[in-house]
Amino acid sequence: MKPVVLLVGKLRDVISKTAHDLESMPVQWLGAHNREEVIAQLEAEPRISCVIIGSGLDDRIRGELIGVIGSRQPNATIHLRDRSVGPEGLTPFVRRVVSGMFEPA
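Here it is in structure tokens:
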């Protein structure tokens with residue numbers, strides 16, 4: 000069974016493109032774009048083991064999401080992308096995180 004990773008970001012097309020670009024990785028990708036969608040994904044899929052939050056969301060929202068995720072899925076790792084690069088930096092960031100977690104060394 001593949002590990003499940005939830006990608007959270009402001010721009011739907013960036014999240015979709017990231018999942019598409021990385022579809023060859025041994026991961027099941029899910030996406031969410033706001034608090035309500037994150038909650039829905041966490042309730043629908045208890046196997047989420049990693050959440051990656053993009054840089055487009057406001058810091059207040061990102062902080063709230065950390066609390067929501069931590070309370071509903073306490074064993075999931077949470078990774079926040081920094082703002083040093085725009086939306087094009089999400090795919091390489093996700094690749095590094097997931098490769099380090101789920102692919103053999």
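Each residue of the sequence shown is one higher than the last, beginning at 0 in numbering that gives the first Met the number 0.
Virtual Cβ for every residue (Gly too), placed ideally from N, Cα, C.
None of the values given here were measured: they were computed from a predicted structure.
Relative to the C-alpha of residue i, which residue among the options is closest?
i, options, result
"D57", "Q72, R82 and E44", "R82"
"K9", "C49, H32, K16 and S23", "H32"
"V67", "I38, D20 and V26", "I38"
"H78", "R59, V50 and Q27", "V50"
Measure the C-alpha to C-alpha separation of residue i and residue j and round it to an integer number of angstroms.
i, j, result
"S70", "G55", "23 Å"
"S48", "V3", "6 Å"
"S23", "I65", "28 Å"
"Q72", "R46", "9 Å"
"D12", "T76", "24 Å"
"E36", "E63", "13 Å"
"P86", "R94", "14 Å"
"V7", "K1", "19 Å"
"A43", "L29", "11 Å"
"V96", "G88", "13 Å"
Apply the 10 Å Cβ neighbour rule to residue i and answer buried if 16 or more other Cβ atoms are within range, or exposed otherwise.
i, result
"T17", "buried"
"V84", "exposed"
"G99", "exposed"
"R80", "buried"
Which residues share a DSSP beta bridge with residue i?
i, result
"L89", "Its beta-bridge partners do not exist; DSSP assigns none."
"V96", "Bridge partners of V96: none, in fact."
Handout entry: Residue ranges of each beta strand (DSSP E) within the segment 26-80, 3 or longer
Key = The DSSP assignment places complete beta strand (DSSP E) segments of no fewer than 3 residues inside the segment 26-80 at 27-31, 47-52 and 76-79, in order along the chain.
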